[in-house]
Amino acid sequence: MHPQNRSAHPVDCRIYALITCLLWSTSPAFLRHAMASFTPLSLSLFRLLLAAGSLILIGCIKKIGLPRLRDIPFFFLTGLLGFGGYFFIYNLGTERVPSGLNSLILAISPVIVAILSNAIYKERLGRVKWLAVAIELGGLAILAIFDGLLALNTGVLYLLGAAMLMSAYNLVQHKMHRGYGPLQFVTYSIIAGAIWQLGLLPELIPQVAAAQPLDLLLIVFTAVCATAIAYLLWGTALEIAPKASDVTNFMFLTPILSTLVGWLCNGEIPSLSTLCGGLVVLAGMAIFNFVHALPPHPHSKEKRVSYHA
Numbered sequence: 020m021h022p023q024n025r026s027a028h029p030v031d032c033r034i035y036a037l038i039t040c041l042l043w044s045t046s047p048a049f050l051r052h053a054m055a056s057f058t059p060l061s062l063s064l065f066r067l068l069l070a071a072g073s074l075i076l077i078g079c080i081k082k083i084g085l086p087r088l089r090d091i092p093f094f095f096l097t098g099l100l101g102f103g104g105y106f107f108i109y110n111l112g113t114e115r116v117p118s119g120l121n122s123l124i125l126a127i128s129p130v131i132v133a134i135l136s137n138a139i140y141k142e143r144l145g146r147v148k149w150l151a152v153a154i155e156l157g158g159l160a161i162l163a164i165f166d167g168l169l170a171l172n173t174g175v176l177y178l179l180g181a182a183m184l185m186s187a188y189n190l191v192q193h194k195m196h197r198g199y200g201p202l203q204f205v206t207y208s209i210i211a212g213a214i215w216q217l218g219l220l221p222e223l224i225p226q227v228a229a230a231q232p233l234d235l236l237l238i239v240f241t242a243v244c245a246t247a248i249a250y251l252l253w254g255t256a257l258e259i260a261p262k263a264s265d266v267t268n269f270m271f272l273t274p275i276l277s278t279l280v281g282w283l284c285n286g287e288i289p290s291l292s293t294l295c296g297g298l299v300v301l302a303g304m305a306i307f308n309f310v311h312a313l314p315p316h317p318h319s320k321e322k323r324v325s326y327h328a
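Have a look at this one:
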């Protein structure tokens with residue numbers, strides 16, 4: 020979608036981002052539960068195959084066609100960044116890190132996106148939005164320090180790597196979609212991501228046959244709703260957003276939502292530090308999304324870049 024048409028889109032990009040984060044918040048708890056029947060790596064492939072199948076069905080109905088031949092290597096790159104590689108190391112981290120803390124680590128992705136966007140594409144956030152990002156990081160720091168996240172382990176390192184891959188995927192989709200719509204982009208990328216992991220198929224098949232029905236149901240929900248539909252909504256948000264950070268900033272909400280999901284589904288009562296840190300994160304998000312940028316100092320020579328929705 021061309022930038023000048025973004026303001027005409029009937030739904031604000033933030034609505035898509037919020038719904039996506041609501042869906043994503045279910046993944047850590049659901050996947051950890053399903054790991055009773057599956058290994059982390061085979062679970063990654065199963066999730067991708069189910070998501071790819073649902074998107075292929077939607078794509079056939081919508082008649083999205085096939086990617087251009089010259090773009091196939093590009094989609095193998097996005098498939099590796101956002102799905103094949105990302106799910107691979109994300110599941111390894113999910114196995115080792117509790118679901119609540121899991122999403123806290125991934126919540127650094129908006130900061131990575133903001134820094135990379137500023138360095139590569141000169142997308143200036145302005146002082147107010149950088150202040151908001153700092154406040155959001157402060158909220159995560161409260162959670163990290165008091166909930167023991169700073170006790171690094173291999174799971175934390177895996178999830179940090181996953182956050183880097185997700186950030187790169189977000190930037191590529193926002194800036195290099197090559198004229199493909201969100202449905203096309205996500206469908207081709209997820210199919211490529213599944214192809215990257217097909218070597219795990221011999222390990223997956225006997226696990227599917229022996230899996231508990233509830234675990235299968237949780238994976239189907241995660242694959243269809245929290246993957247296929249969520250990434251489609253996320254792609255739409257990235258396409259119509261003036262800046263990638265306008266969308267990725269909502270990932271700061273995911274730790275709070277994941278905590279609530281754990282509380283409602285598993286009876287995990289949030290700690291005081293979780294509540295305090297969550298309130299700080301919400302304050303930062305409110306500033307980022309609803310407070311106008313400070314005007315430049317009258318004697319400042321800094322050039323301002325104007326972004327139009």
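Numbers 20 to 328, taken from my numbering, label the letters of the sequence shown in order. The C-beta atom is built at its ideal place from N, Cα and C for all residues, glycine as well.
On the CB-based measure, 16 or more other CB atoms within 10 Å of its CB, does residue i come out buried or exposed?
{"i": "F309", "result": "exposed"}
{"i": "P92", "result": "exposed"}
{"i": "I259", "result": "buried"}
{"i": "E222", "result": "exposed"}
{"i": "K82", "result": "exposed"}
{"i": "A211", "result": "buried"}
{"i": "R51", "result": "buried"}
{"i": "I34", "result": "exposed"}
{"i": "I80", "result": "exposed"}
{"i": "I164", "result": "exposed"}
Go to residue i, then tell me how far its alpha helix (DSSP H) extends in each direction, as first and last residue.
{"i": "Y250", "result": "249-259"}
{"i": "S46", "result": "46-53"}
{"i": "S136", "result": "128-140"}
{"i": "I83", "result": "Per DSSP, I83 belongs to no alpha helix (DSSP H) and is neither H nor E."}
{"i": "N189", "result": "173-194"}
{"i": "F204", "result": "201-215"}
{"i": "D234", "result": "232-242"}
{"i": "A245", "result": "Counting along the chain, A245 falls outside any alpha helix (DSSP H), and DSSP gives it neither H nor E."}
Compute the Euclidean distance between the alpha carbons of residue i and residue j, then round it to the nearest angstrom.
{"i": "A230", "j": "F57", "result": "7 Å"}
{"i": "R115", "j": "W282", "result": "20 Å"}
{"i": "K141", "j": "M195", "result": "15 Å"}
{"i": "Y109", "j": "L99", "result": "13 Å"}
{"i": "E321", "j": "G303", "result": "With a pLDDT of only 39 at E321, under 50, the local geometry of the prediction cannot be trusted, and no value is derived from it."}
{"i": "Y188", "j": "T97", "result": "6 Å"}
{"i": "G296", "j": "I161", "result": "5 Å"}
{"i": "M185", "j": "G101", "result": "6 Å"}
{"i": "F49", "j": "W149", "result": "33 Å"}
{"i": "S44", "j": "G145", "result": "29 Å"}
{"i": "S208", "j": "G104", "result": "12 Å"}
{"i": "L294", "j": "L272", "result": "13 Å"}
{"i": "G174", "j": "I248", "result": "27 Å"}
{"i": "I139", "j": "I131", "result": "12 Å"}
{"i": "Q192", "j": "L159", "result": "26 Å"}
{"i": "V227", "j": "L62", "result": "9 Å"}
{"i": "F412", "j": "A55", "result": "No answer is possible for residue 412: the residues shown for the chain start at 20 and end at 328."}
{"i": "Y177", "j": "G112", "result": "5 Å"}
{"i": "V280", "j": "S46", "result": "10 Å"}
{"i": "Y250", "j": "L291", "result": "32 Å"}
{"i": "L217", "j": "C32", "result": "34 Å"}
{"i": "A122", "j": "F269", "result": "Sequence check: residue 122 is Ser here, not Ala. Spanning the two alpha carbons is a distance of roughly 12 Å."}
Going by C-alpha distance, which of the options is nearest residue i?
{"i": "T267", "options": "T173, G180, P129, Y250", "result": "P129"}
{"i": "G200", "options": "A245, A187, E155, L257", "result": "L257"}
{"i": "L41", "options": "S292, P274, A151", "result": "P274"}
{"i": "A402", "options": "L156, I139, L135", "result": "Shown here, the chain extends from 20 to 328; a query on residue 402 therefore has no answer."}
{"i": "A305", "options": "M183, S277, V147", "result": "V147"}
{"i": "T241", "options": "S264, L220, A71", "result": "A71"}
{"i": "L233", "options": "S46, C32, A53", "result": "A53"}
{"i": "A181", "options": "F165, I124, A153, L219", "result": "I124"}
{"i": "P151", "options": "T278, S264, L291, A36", "result": "The sequence given here places Ala at residue 151; Pro does not occur at that position. Comparing Cα positions, the closest option is S264."}
{"i": "L67", "options": "C32, A153, V205, G84", "result": "V205"}
{"i": "T278", "options": "Q203, R87, P261, P117", "result": "P117"}
{"i": "F307", "options": "I154, Q203, L236", "result": "I154"}
{"i": "G254", "options": "S136, L85, G198", "result": "G198"}
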